[in-house]
Amino acid sequence: MKIDTALAQALVREQFPKWADLPIAPVANSGWDNRTFHLGDQMTIRMPSDAAYAPQVGKEQHWLPILARELPLDIPIPVVLGEPGCGYPWQWSIYQWINGETASSEKILDMGQFSKELARFLLALQKIKARGGPPAGAHNFFRGGPLVTYDAEVQRALNILSGTIDTATAQSIWETALSSEWQKPPVWVHGDVSPRNLLVEKSRLVAVIDFGCLGVGDPACDLVMSWTFFDRSVRKVFRQALPLDKATWARARGWALWKALIVYAQLPGTDPKERDNSSRVIEEVMADFISDR
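Residue numbering for the sequence shown follows our numbering, starting at 51 and increasing by one per position.
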């Protein structure tokens, strides 16, 4: 389905005519799961790009206002819920606009401080009462759930990559990750902590966005920035700022490896533009695993 400015304008005009005269334009980094548009200067339109992402809308509408009250950084706050219309088959949302730029190494002067700010946010999220929160499932692609869910994908990727990477070490990392499970009560997880979902201003982390993979469960899935964005020295700072056991970090390493492997092997549904970076992540994960033994 073509989700463009014209469709967004038609939906706003039909369902929220008071905003019909506001300009609508795509945001610079719209994302994979949703298409996002500016609505005037103070709001955004967020529309699932596929049926697989549609269940996230109601979840975000319900839980984000509750979580926002207890978090140290800005997160998206829903303004209204949009319904199917104009040939668009799913619910959609209008959110308050949050100022900031997508995180990148060029925009962050002190990466160690940035990692501490992220750790502080994750700790605050994990401390919020998780009772009634959505457990891992199809709605969030099993973030916070057991890694074994993705074992078949990993094995397929390893077969494809045989002779291209050190598959023996990758298999050891994966088996180590599968050997433990979260033994404590479930906690809130963002589910997709990555630079594109972190906003900075003046080099400081100011907001966390895109909670489509929100759920409750094992926090290991929220630690993958350790290998996808941080170098060895910053990874150490980040790890020290989070009171999690070695087994949780091993599962986190497994989460990072899973995604990097399936992207590098170009399994269906992955973004080919991320393939080169996935090779670097695999190397980071392997080096960290070897040094941690």
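Beta carbons are placed, not taken as given, at the ideal position from N, Cα and C, and that holds for glycine.
| Asked | Found |
| --- | --- |
| Contacts around P105, its chain only, beta-carbon distance under 6 Å, and the 5 residues preceding and following it disregarded | H189 |
| CB contact check: E120 to chain D, cutoff 8 Å | Here there is only one protein chain, and chain D is not present. |
| Cβ distance (whole Å) where R246 is taken to contact N84 below 8 Å | Not a contact, Cβ separation roughly 12 Å. |
| Buried or exposed (CB count within 10 angstroms, at least 16 for buried), T298 | buried |
| Beta carbon of I210 nearer than 8 Å to that of A315 | yes |
| Cα-Cα separation, V274 to Q141 | 30 Å |
| M93 beta carbon less than 8 Å from that of Y138 | no |
| Proximal residues to A174 (C-beta, below 8 Å), its chain only, five neighbours per side dropped | E120, L121, P122 |
| Collapsed DSSP secondary structure at N84 in the structure displayed | strand |
| Under 8 Å between C-beta atoms of D91 and A257 | no |
| DSSP three-state assignment for E133, whether helix, strand or coil | coil |
| Outcome for D268 when other beta-carbon atoms lying within 10 angstroms are tallied against a minimum of 16 | buried |
| The beta strand (DSSP E) enclosing S143, as first and last residue numbers | 142-146 |
| Cβ separation of I223 and V335, assumed to be a contact under 8 Å, to the nearest whole Å | 6 Å |
| Contacts around E167, its chain only, beta-carbon distance under 6 Å, and the 5 residues preceding and following it disregarded | L255 |
| Alpha-carbon spacing of G182 relative to V266, whole angstroms | 9 Å |
| Cα-Cα separation between P134 and T320, rounded to whole angstroms | 27 Å |
| DSSP state of W238 mapped onto helix, strand, coil | strand |
| Same chain only: Cβ atoms within 7 Å of D71, ignoring 5 sequence neighbours per side | none |
| Within 8 Å, strictly: CB atoms of W277 and D342 | no |
| Beta-carbon spacing of L197, G304 below 8 Å | yes |
| For E203 and L307, believed in contact at Cβ under 8 Å, the rounded distance | That belief does not hold up - the Cβ atoms of L307 and E203 are roughly 11 Å apart, past 8 Å. |
| Any beta strand (DSSP E) of 3 or more consecutive residues that is wholly inside the region 104-129 | none |
| Identity of the residue in E151, A56, E156, I215 nearest L249 by Cα | E151 |
| M275 - containing alpha helix (DSSP H), residue span | 275-278 |
| R96, enclosing beta strand (DSSP E) - first and last residue | 93-98 |
| Cβ-Cβ distance between G194 and C271 below 8 Å | yes |
| Three-state secondary structure (DSSP) of I340 | helix |
| Residue from W147, P235, Y200 whose Cα sits closest to the Cα of L311 | Y200 |
| Beta-carbon proximity of V77 to S165, cut-off 8 Å | no |
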